[in-house]
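Take 9 as the starting number for the sequence shown in the numbering used here and just add one per residue.
Using N, Cα and C, we set each Cβ at its ideal position, and we do this for glycine too.
Computed from a predicted model, the values in this text were never measured in an experiment.
Step one of this worksheet: look at the structure below.
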Amino acid sequence: MASIFKRRRLPEGVDTARIPPGQTLSAPDRWPLLHFGPVPKTDLAKWDLRVFGAVRNPLQLDYGELRALPSKDVVADIHCVTGWSRLGDRWTGVAIQEILRRVEPLPEAHYVMAHCEYGYTTSLPLEVLDDDDVLLCYAWNGEDLSVDHGWPLRLFVPKKYFWKSAKWLRGLEFMPKNRLGFWEQRGYHDEADPWKETRYW
Ligand SMILES: Nc1nc2c(c(=O)[nH]1)N[C@H]1C(S)=C(S)[C@@H](COP(=O)(O)O)O[C@H]1N2
Ligand SMILES: [Mo]
């Protein structure tokens, strides 16, 4: 029953194979908003991104330096653990490899913690982060991200549930061992794989 209902609501031409189990599409013109706590007011003059920890060359970029790095478009599907998905939006930002190449993670670096405004954190294995579809993202479908959606910078990791795509990113910390992030400490499954439905511990 549920699956028939879901299929009826799909717009024509949507490839149902792209929708993971337990997910439904958000309306095309509606990108849901979800976060814990307030939306930061960012002063770009004081903003920086710090890349630190188990790397050969720690990096500190101001916003101009970040935006001067080569930009890349990724067309990808996103899946929120609360059950909505969006297919085929265009995400623009700095490819994670641009950063990895510059900082040179040390051999003992196996995990990366994303640090955000107000202390939101989430972590990923380095091998998950080091992929062609991972961005430090500042634009969506051709426009700057709205502040609510993470401007001036968010992490973008489409193959994981969307809480791993941390908004208002300020730091990446390379670590030998994993530490759990904000939601992962509160019961979300650290693997966060929409296709395996690893939603909660
Ligand atoms: N800094 C920060 N990033 C965050 C969150 C948050 O609370 N704080 N929430 C996460 C969750 S649970 C989701 S589903 C997505 C939602 O992103 P969106 O509001 O752009 O759709 O942001 C993620 N990134
Ligand atoms: Mo979420």
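Residue 73 versus residue 67: straight-line alpha-carbon distance, rounded: The sequence position of residue 73 within the sequence shown is 65, counting from 1. The sequence position of residue 67 within the sequence shown is 59, counting from 1. Each residue's Cα considered, the two are about 11 Å apart.
In DSSP terms, what residue 68 is bridged to: As a first step, residue 68 is located in the sequence shown; it is residue number 60 there, counting from the start. Note: residue 68 sits in a beta bridge opposite 58.
For residue 69 and residue 57, believed in contact at Cβ under 8 Å, the rounded distance: Looking up residue 57 in the sequence shown gives position 49. Looking up residue 69 in the sequence shown gives position 61. Residue 57 to residue 69, Cβ: 5 Å. Contact.
Whole-number beta carbon distance between residue 162 and residue 176, since they are thought to touch under 8 Å: Here residue 176 refers to the residue found at position 168 of the sequence shown. Here residue 162 refers to the residue found at position 154 of the sequence shown. Indeed they touch by this definition, with Cβ atoms about 7 Å apart.
Cutoff 7 Å; reference residue 11; Cβ partners in own chain excluding five residues on either side: The residue given as residue 11 occupies position 3 in the sequence shown. A caution first: residue 11 carries a pLDDT of 48, below 50, which makes its placement in the model unreliable, though a value can still be read off. Around residue 11: no qualifying Cβ.
Near ligand 2: residue 129 beta-carbon under 7 Å from a heavy atom: Here residue 129 is taken as the residue at index 121 of the sequence shown, counted from 1. Every heavy atom of ligand 2 is 7 Å or more from the Cβ of residue 129, so no.
Nearest residue (CA-CA) to residue 104, options 143, 181 and 180: Numbered from its first residue, the sequence shown carries residue 104 at position 96. That would be 143, whose Cα lies nearest to the Cα of residue 104.
Limits of the alpha helix (DSSP H) - the one that residue 95 falls within: Residue 95 sits at position 87 when you count from the first residue of the sequence shown. Here residue 95 belongs to no alpha helix (DSSP H); instead the beta strand (DSSP E) covers 92–103.
Three-way DSSP call (helix, strand, coil) for residue 190 in this model: Indexing the sequence shown from 1 puts residue 190 at position 182. Correct three-state label for residue 190: coil.
Proximity below 8 Å, CB of residue 121 to CB of residue 187: On the sequence shown, residue 121 is found 113 positions in, with the first residue counted as 1. On the sequence shown, residue 187 is found 179 positions in, with the first residue counted as 1. Taking 8 Å as the Cβ cut-off, residue 121 and residue 187 qualify as a contacting pair.
Beta-carbon proximity of residue 159 to residue 169, cut-off 8 Å: As a first step, residue 159 is located in the sequence shown; it is residue number 151 there, counting from the start. As a first step, residue 169 is located in the sequence shown; it is residue number 161 there, counting from the start. Cβ distance not < 8 Å, so residue 159 and residue 169 don't count as in contact.
Simplified DSSP assignment, three categories, for residue 164: Against the sequence shown, residue 164 aligns to sequence position 156. In the structure shown, residue 164 sits in a strand (DSSP, three-state: E or B).
C-alpha gap between residue 140 and residue 96, whole angstroms: By 1-based counting over the sequence shown, the position of residue 140 is 132. By 1-based counting over the sequence shown, the position of residue 96 is 88. If you take the alpha carbons of residue 140 and residue 96, they lie about 16 Å apart.
DSSP three-state assignment for residue 196, whether helix, strand or coil: In the sequence shown, the residue the question calls residue 196 occupies position 188. Residue state, collapsed to three classes: strand.
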